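Sequence lines, in order, name chains A and B.
Position in the first sequence (from 1) plus 46 gives the number in my numbering.
FYI, my numbering numbers position 381 of the second sequence as 379, with every residue one higher than the one before it.
Ideal placement from N, C-alpha and C gives every residue a C-beta, glycine not left out.
Values in this document were obtained by computation on a predicted structure and should not be read as measured data.
Worksheet for the structure shown next.
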Amino acid sequence: MWYHKPVINEELLQSLPNLKIVANSGVGIDHLDLKLLSSYGVKLSNTPFIVSTDTADMGMALMLASSRRLVEGYQMAVSPDTEYFPADWLGDELSGATLGIVGMGTIGYKVAERAKAFEMKILYHNRNQRNKDEERAVGAIYCKKIDDLLQRSDFVLLSVNLTPQTHKLIGKRELELMKPTATLINISRGLVVDQDALVEALQNKVIKAAALDVTYPEPLPRDHPLLKLKNVIITPHIGSATKKTRRLMMENMIESIQAGLTGLPIPNEVL
Amino acid sequence: MFRSKGFGLLKLIPLMSGQPNLAYKFIHPAIASHGHRCHRRSVDYRQRYKTCPGSAGGRTLSAPQTKNWLVLSEELLLVKCRPVLTWRPLLGHVQQQTGAETEMQVKARIKQYYWCQDCKHLIDAVGIMAEEELPGVLILDVGGTHGVLEDLAALLKKHFRLITMKEFLENKKEMSKKIQSVFVFECRPTIDRELLESLPNLKVIGNSGVGVDHLDLKMISNFGVKVTNTPHAVADPTADIGVALMLASARRLVEGCQITVSPDTKYFAVDWLGVEVTRATLGIIGMGSIGYKVAQRARAFNMRILYHNRNRRRKEEEEAVCAHYCEKMEDLLQQSDFVMLVVNLTPETHKLIGKKELGLMKPTATLINISRGAVIDQDALVEALQNKVIRAAALDVTYPEPLPRDHPLLKLNNIIITPHIGTATVQAIRMMAEEAIANMLAVLNGQPIPSEVFPK
């Protein structure tokens, strides 16, 4: 399946008696009912590692674009009304700032590797603490409690997968724990954030800004308040949208399908 | 907020025999930052001074509860040492001995126990200089569209008498003699022959920023005036913007934002793709401080790094960022997926990238410019982008700035332009002012100058 389509439901599964495997593009499988699939004896595969670097790159791109006000700047540079560039138009520096990574899986770790080169201080919150060598390699400090991370970070980056535990992980309480000068970056799933709480937080300057590659739904309804706020940038879920990666994802999926059909062990099987 | 305070200016050193109290080495910040490269990022130029209610017999100076530091008065405390005999500001903190001290007592103690780092002589006199006696610095204006920002003006006021262009023009006779320095902020005020002729006591032009292509260095030098810039303050933020532009262009971030908010968007197209940054090849043209910091950042993205520079960097420096030297720029152009320009603007780099160079680049390549607009032949760039000779461009700088509103570059959809925001951060703007102030003071005090710029 590609981009969550076709939708896998009971009806479809019943009508495909010989279905052996569903190969999902991308790593997120929150749109699939795993129990349902396994009850029909259908295997599932995803493409976990291929997407990591591109998604991490996207996280960095959003963080940089937000802190330096790149999109606003572009609009000023091309606007027909611009006569000069004002001297008091400023953004914030990334170098030396504190990045809090919520979800230090493959993607989160790659974000940490990149952020380290910008001399950022890195905090992370994860279900499990990473081992000392991994932490040392990127200079990351573990925050057992997410509250700690939220209170100390200038940038909070979400790179968790969507599960019942991470649904609305960031809500009103968490947003209020964040610094008023902090930016929230989401490269996981829209539902990890309580969107209504986010709108309110941004409107009342509880946090400074947000940069989202994912929302719920995608695309947002055209009259959604998030689209009107000045301190948000939203990209159309392009975390893994590069030519090379898409091709590799396809190759991965084909490999998985072939294995599934011939009864061999499936690379990247989701259990 | 983001960065720790600048290094302490006072260090504890062992006593000379016979002295009952600990002595402190006074390090002039201009000396401390002289000649060093990279890592130290801020010269802590802020003097934290506060007055407290006076006791009988003069102003009493007392310390805050938490630390053992004496908090001095708002006026500039100056010291004069033998044999240099010029007034210099006493910066940093003086440890309080016992309870509250009067100003007289502080002065006496400073004279007794402090000495000057550069000439190693005891401080001869301690005085407080009134604002009028401070060296004058000319600026365009405070606030407004092109003026110096208010915060920076406050910084300048701690060491200089601030004279705006308006004040100068209204009272040329009196003001012209007082102006010993000019603080050039965002290329203003314009330094022309007329201005230089009307400022007989001008010693230094302190430029905020590292680029000095807007200054006629030869002409200024002929008037015996020195020029300084701020290379340390600009490096990190400019490198950040270079990488930001590279990522935004590769991943089509601006276009993506437009799609997300457009009223016509019904769904996100599946075949809408950008290009990879990780493991791509980055060609850096100009591997100075900024170029090197770009390389450090790109390394973390696992990019293959090529560079072209007037001089090859040392082996250790190359190895630290896995950069390969391309003696010929053509080699770099042909192999790079991203070409980043990080040179300064000189007659040699004017139109460095023209039709020929663009033709050598890959058709899938992106050109990023964070140096100066005139380094690129803009007309050739327009043509190259229109005919897909290269994939895209991302420019923080153009010529002029802003571009005329009908310029073809503004209409292309494979280009991102930002309004010269390489150093437009709260932190950088302040650091540039601090660096400029340190340089100007070094010139006025006859000390080694951290960042002087010489005409070729």
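Mapping DSSP to helix, strand and coil, what is Asn309 of chain B?
-> Position 311 of the second sequence holds residue 309 of chain B. Asn309 of chain B falls in the coil class under three-state DSSP.
When the distance is taken between beta carbons, is Val273 of chain B closer than 9 Å to Asp335 of chain B?
-> Within the second sequence, numbered from 1, the residue matching residue 335 of chain B stands at position 337. Within the second sequence, numbered from 1, the residue matching residue 273 of chain B stands at position 275. For Asp335 of chain B and Val273 of chain B, yes; Cβs fall inside 9 Å.
Provide the residue span of the beta strand (DSSP E) that contains His171 of chain A, from first to last.
-> Locating residue 171 of chain A in the first sequence gives position 125, where the first residue counts as 1. Here the beta strand (DSSP E) through His171 of chain A covers Lys167 to His171.
Are Asn232 of chain A and Leu258 of chain A close, meaning C-beta to C-beta below 9 Å?
-> Taking the first sequence and counting its residues from 1, the one referred to as residue 232 of chain A is at position 186. Taking the first sequence and counting its residues from 1, the one referred to as residue 258 of chain A is at position 212. In this structure, Leu258 of chain A lies closer than 9 Å to Asn232 of chain A by Cβ.
Contacts that Val140 of chain B makes with chain A (C-beta to C-beta distance below 7 Å) = Here the question's residue 140 of chain B lines up with position 142 in the second sequence. The premise fails here: Val140 of chain B is roughly 11 Å from chain A at the closest Cβ pair, so nothing lies under 7 Å.
To the nearest angstrom, report how far apart Ile374 of chain B and Phe181 of chain B are at their CA atoms.
-> Numbered from 1 along the second sequence, position 376 holds the residue referred to as residue 374 of chain B. Numbered from 1 along the second sequence, position 183 holds the residue referred to as residue 181 of chain B. Each residue's alpha carbon lies about 29 Å from the other.
Can you name the start and end residues of the alpha helix (DSSP H) that Val245 of chain A belongs to?
-> Taking the first sequence and counting its residues from 1, the one referred to as residue 245 of chain A is at position 199. Gln241 to Gln249 is the span of the alpha helix (DSSP H), which, as asked, contains Val245 of chain A.
Does the beta carbon of Phe183 of chain B come closer than 9 Å to any beta carbon on chain A?
-> Sequence index remark: in the second sequence, residue 183 of chain B carries index 185 (1-based). Output row for Phe183 of chain B: interface = yes.
The alpha helix (DSSP H) with Leu439 of chain B in it runs from where to where?
-> Along the second sequence, read from residue 1 onward, the residue named residue 439 of chain B stands at position 441. Unbroken alpha helix (DSSP H) run through Leu439 of chain B: Val424 to Leu442.
Span separating the alpha-carbon of Gly217 of chain A from that of Asn172 of chain A = Counting from 1 along the first sequence, the entry for residue 217 of chain A is found at position 171. Counting from 1 along the first sequence, the entry for residue 172 of chain A is found at position 126. If I take the Cα positions, the gap works out to 18 Å.
Would you please state the rounded distance, in angstroms, between the beta carbons of Ile312 of chain A and Lys89 of chain A? I believe it to be under 8 Å.
-> Start at 1 with the first residue of the first sequence, and residue 312 of chain A comes out as number 266. Start at 1 with the first residue of the first sequence, and residue 89 of chain A comes out as number 43. Contact flag correct, Cβ pair sits at about 6 Å.
Buried or exposed: Cys320 of chain B, going by 16 or more other Cβ atoms within 10 Å of its Cβ?
-> Taking the first residue of the second sequence as position 1, residue 320 of chain B is located at position 322. Cys320 of chain B is exposed by the Cβ-count criterion.
Could one say the Cβ of Pro132 of chain A lies closer than 9 Å to chain B's Cβ atoms, at least one of them?
-> The residue given as residue 132 of chain A occupies position 86 in the first sequence. Yes, contact with chain B.
Could you please give me the residues that DSSP links to Ser112 of chain A through a beta bridge?
-> In the first sequence, residue 112 of chain A corresponds to position 66, counting from 1. Bridge partners of Ser112 of chain A: none, in fact.
Roughly how many angstroms lie between the CA atoms of Val451 of chain B and Leu343 of chain B, to the nearest whole one?
-> Here the question's residue 451 of chain B lines up with position 453 in the second sequence. Here the question's residue 343 of chain B lines up with position 345 in the second sequence. One C-alpha to the other measures close to 14 Å.
Run down chain B in chain order and give the residues with a C-beta less than 9 Å from the C-beta of Pro52 of chain A.
-> On the first sequence, residue 52 of chain A is found 6 positions in, with the first residue counted as 1. Within 9 Å Cβ-Cβ: nothing; Pro52 of chain A doesn't reach chain B, min ~13 Å.
Applying a beta-carbon distance threshold of less than 9 Å, which residues of chain A neighbour His322 of chain B?
-> Position 324 of the second sequence holds residue 322 of chain B. Ordered by position in chain A, no residue passes the 9 Å Cβ test against His322 of chain B, which lies about 18 Å from the chain.
Hey, would you say Gly151 of chain A sits closer than 9 Å to Ser205 of chain A, going by beta carbons?
-> The sequence position of residue 151 of chain A within the first sequence is 105, counting from 1. The sequence position of residue 205 of chain A within the first sequence is 159, counting from 1. Yes, these two residues count as a Cβ contact at 9 Å.
Cβ separation of Ile153 of chain A and Ala161 of chain A, assumed to be a contact under 8 Å, to the nearest whole Å | The residue given as residue 153 of chain A occupies position 107 in the first sequence. The residue given as residue 161 of chain A occupies position 115 in the first sequence. That belief does not hold up - the Cβ atoms of Ile153 of chain A and Ala161 of chain A are roughly 13 Å apart, past 8 Å.
Beta-carbon separation of Ile351 of chain B and Leu243 of chain B under 9 Å?
-> Counting from one through the second sequence, the residue named residue 351 of chain B turns up at place 353. Counting from one through the second sequence, the residue named residue 243 of chain B turns up at place 245. Against a cut-off of 9 Å, the Cβ pair of Leu243 of chain B and Ile351 of chain B comes out as no contact.
So is Ala478 of chain B in contact with chain A if we call contact Cβ pairs under 9 Å?
-> For chain B, the structure presents residues -1 to 454; residue 478 of chain B sits outside this window and is missing.
How about Val202 of chain A: is its C-beta nearer than 9 Å to some C-beta of chain B?
-> Position 156 of the first sequence holds residue 202 of chain A. Taking Cβ atoms only, chain B never reaches closer than 9 Å to Val202 of chain A, which makes this a no.
Starting from Ile280 of chain A, find everything on chain B with Cβ-Cβ shorter than 9 Å and list it in chain order.
-> Locating residue 280 of chain A in the first sequence gives position 234, counting from the first residue. Per Cβ cutoff of 9 Å: Gly254, Cys255, Thr258 and Val259.
Say whether chain B places a C-beta atom closer than 9 Å to the C-beta of Val245 of chain A.
-> As a working note, residue 245 of chain A is residue 199 in the first sequence. No, Val245 of chain A lies away from the interface with chain B (no Cβ there is under 9 Å from its Cβ).
Three-state secondary structure assigned by DSSP to Leu58 of chain A = Counting from 1 along the first sequence, the entry for residue 58 of chain A is found at position 12. Leu58 of chain A: helix per DSSP, three-state reduction.
Any idea which residues DSSP pairs Val202 of chain B with across the strands?
-> Position 204 of the second sequence, counted from the first residue, corresponds to residue 202 of chain B. Beta-bridge pairing links Val202 of chain B to B:Ser179 and B:Lys224.
C-beta neighbour in chain A for Leu280 of chain B, strict 9 Å | Indexing the second sequence from 1 puts residue 280 of chain B at position 282. Chain A, which has no Cβ nearer than 9 Å to the Cβ of Leu280 of chain B, makes this no.
Under 9 Å between C-beta atoms, does Val97 of chain A make it to chain B?
-> One-based indexing of the first sequence puts residue 97 of chain A at position 51. It does not: the Cβ of Val97 of chain A has no partner Cβ on chain B nearer than 9 Å.
What did DSSP end up calling Arg159 of chain B once you bin it into helix, strand or coil?
-> Against the second sequence, residue 159 of chain B aligns to sequence position 161. Note: Arg159 of chain B maps to strand in three-state DSSP.
From the beta carbon of Ala287 of chain A, is the nearest beta carbon of chain B less than 9 Å away?
-> Here residue 287 of chain A refers to the residue found at position 241 of the first sequence. Closer than 9 Å to some Cβ of chain B, the Cβ of Ala287 of chain A qualifies, so yes.
When you compare each of B:Ala390, B:Leu132 and B:Gln103 to Met438 of chain B by their alpha carbons, which one comes out closest?
-> If you number the second sequence from 1, residue 438 of chain B lands on position 440. Met438 of chain B has its Cα closest to that of B:Leu132, out of B:Ala390, B:Leu132 and B:Gln103.
Out of A:Gly285, A:Ile253 and A:Val252, point me to the one whose CA is closest to Val260 of chain A's CA.
-> Here the question's residue 260 of chain A lines up with position 214 in the first sequence. Answer by Cα proximity: A:Gly285.
Taking only beta carbons into account, state which residues of the segment 355 to 380 of chain B come closer than 7 Å to chain A, listed in chain order.
-> none
Going straight from the alpha carbon of Met47 of chain A to that of Leu266 of chain A, what length do you get?
-> Walking along the first sequence from the start, residue 47 of chain A turns up at place 1. Walking along the first sequence from the start, residue 266 of chain A turns up at place 220. Those two C-alpha atoms are separated by around 22 Å.
Secondary structure of Ala143 of chain A, DSSP reduced to three states = The residue given as residue 143 of chain A occupies position 97 in the first sequence. Three-state result, Ala143 of chain A: coil.
Measure from the alpha carbon of Gln332 of chain B to the alpha carbon of each residue in B:Pro361, B:Asn309 and B:Glu195, then state which is nearest.
-> Along the second sequence, one-based indexing puts residue 332 of chain B at 334. Ranking B:Pro361, B:Asn309 and B:Glu195 by Cα distance to Gln332 of chain B puts B:Pro361 first.
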